[in-house]
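Read the structure below first, then the notes.
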Amino acid sequence: MIRHRFRHERPTALADAVAVLAEAGPRARVLGGGTLLVPEMVAGEASPDHVVDLGRLGLQPVRLDGDDLVLAATATYADVLADPRVAEHAPTLVAMASGVTGGVQLLNAATLAGSACQAAPGSDVPGCLAALDARFRLASEEGVREVGVDAFFLQAHRTALRPDELLLEIVLPSTAGRAHGYVKLKHAASSWPIATGACVLDADGRRVRVAIGAAGPVPVVLERDVAPGAGALAAEVAALLQQTWDDVLADAGYRRSVAPVAARRALEQAGVAP
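So the sequence shown is numbered by the working numbering: it starts at 87 and just counts up by one.
See the structure below:
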């Protein structure tokens with residue numbers, strides 16, 4: 087049970103939503119699916135004065151914009167898995183979403199934008215979005231600004247979002263027809279990942295973008311040539327992982343040791359010699 091009083095704002099226009107955030111600032115929280123925020127409020131870990139519910143904004147969950155696939159703030163995992171445009175233009179995202187821990191209720195309610203804003207180190211989402219070179223459209227009363235994935239995830243549970251902003255859309259450049267791979271390592275089917283590896287080849291098939299998630303506070307990205315004997319993957323990953331994540335699932339040393347394995351398996355899925 088939520089034990090504190092708050093205003094449940096249900097705006098029907100984006101301007102009204104950002105107006106609440108502009109006035110309330112850090113005293114407001116944005117609600118997409120509620121699978122992260124509501125448990126925090128029940129546990130007393132979050133006690134906002136205003137909860138800005140995006141459910142009535144009428145956002146189109148998935149759309150195409152030229153060569154980009156655009157996911158709205160309200161796009162759920164179920165939306166991602168059901169839409170053929172996602173399967174065509176971002177198959178890596180489908181591979182990630184299909185392996186997310188949780189039942190039908192979670193898939194129908196939880197949003198990718200919520201997971202991105204939570205920026206939990208053990209989440210599947212940040213690493214996958216890093217591999218896809220995602221961009222984030224952040225809305226406020228000042229307008230909409232776009233932030234690249236390398237500038238969005240700042241630290242564990244910290245993003246580039248200001249208190250007066252909401253994440254409006256996630257923009258993914260189309261990777262249709264490109265080889266890709268997604269792997270996550272975890273103790274059990276119901277546990278959070280210890281390390282994830284995601285990769286996508288470029289349009290020419292000569293370069294590959296590899297992202298490692300869950301092993302550190304934020305995902306790290308490696309871009310390399312696709313060539314037999316490129317080698318040295320473990321050393322490249324170790325050089326990128328300046329900080330590793332330590333929690334009850336695995337200590338930092340173990341995560342550092344298995345991160346190259348996740349990257350290697352993702353590359354092998356994509357048909358790339360590690």
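Virtual Cβ for every residue (Gly too), placed ideally from N, Cα, C. Nothing here was measured: the structure is a model prediction, and the numbers come from that model.
Confirm, please, whether the CB-CB distance from residue j to residue i is below 8 Å.
i, j, result
"A216", "V233", "no"
"L335", "S276", "no"
"A301", "R341", "yes"
"R142", "R96", "yes"
"T160", "A196", "no"
"A99", "V106", "no"
"P279", "L319", "no"
"D135", "R93", "yes"
Do you know offhand how far residue i's Cα is from residue j's?
i, j, result
"Q328", "R244", "18 Å"
"L157", "A284", "19 Å"
"A129", "T121", "13 Å"
"A168", "L179", "12 Å"
"E354", "A101", "46 Å"
"A110", "V211", "28 Å"
For the alpha helix (DSSP H) containing residue i, list its first residue and its last residue.
i, result
"V190", "190-195"
"G339", "338-355"
"V124", "123-128"
"A325", "319-326"
Please confirm if residue i has its CB atom under 8 Å from at least one CB of chain B.
i, result
"T178", "The structure shown has no chain B; it contains just one protein chain."
Within 10 Å of its beta-carbon, does residue i have 16 or more other beta-carbons around it, so buried, or fewer, so exposed?
i, result
"M87", "exposed"
"D153", "exposed"
"S184", "exposed"
"D151", "exposed"
"P360", "buried"
"A225", "buried"
"D290", "exposed"
"D337", "exposed"
"H266", "buried"
Taking residue i and residue j to be in contact with their CB atoms under 8 Å, please state how far apart those CB atoms are, rounded to whole angstroms.
i, j, result
"V312", "V294", "5 Å"
"L193", "A173", "The Cβ separation is near 16 Å, so there is no contact."
"V235", "A220", "5 Å"
"Q204", "V304", "Contact flag wrong, Cβ pair sits at about 13 Å."
Could you give the residue range of the beta strand (DSSP E) that holds residue i?
i, result
"Q373", "Examination of residue 373 is not possible in this model, given that the chain is present from 87 through 360 alone."
"V156", "154-158"
"L287", "281-287"
"P259", "252-259"
"H273", "Where H273 is concerned, there is no enclosing beta strand (DSSP E), given that its DSSP letter is neither H nor E."
"S226", "221-226"
Hey, is residue i close to the ligand ATP, as in C-beta under 7 Å from one of its heavy atoms?
i, result
"R244", "This structure does not include the ligand ATP; it has no bound ligands of any sort."
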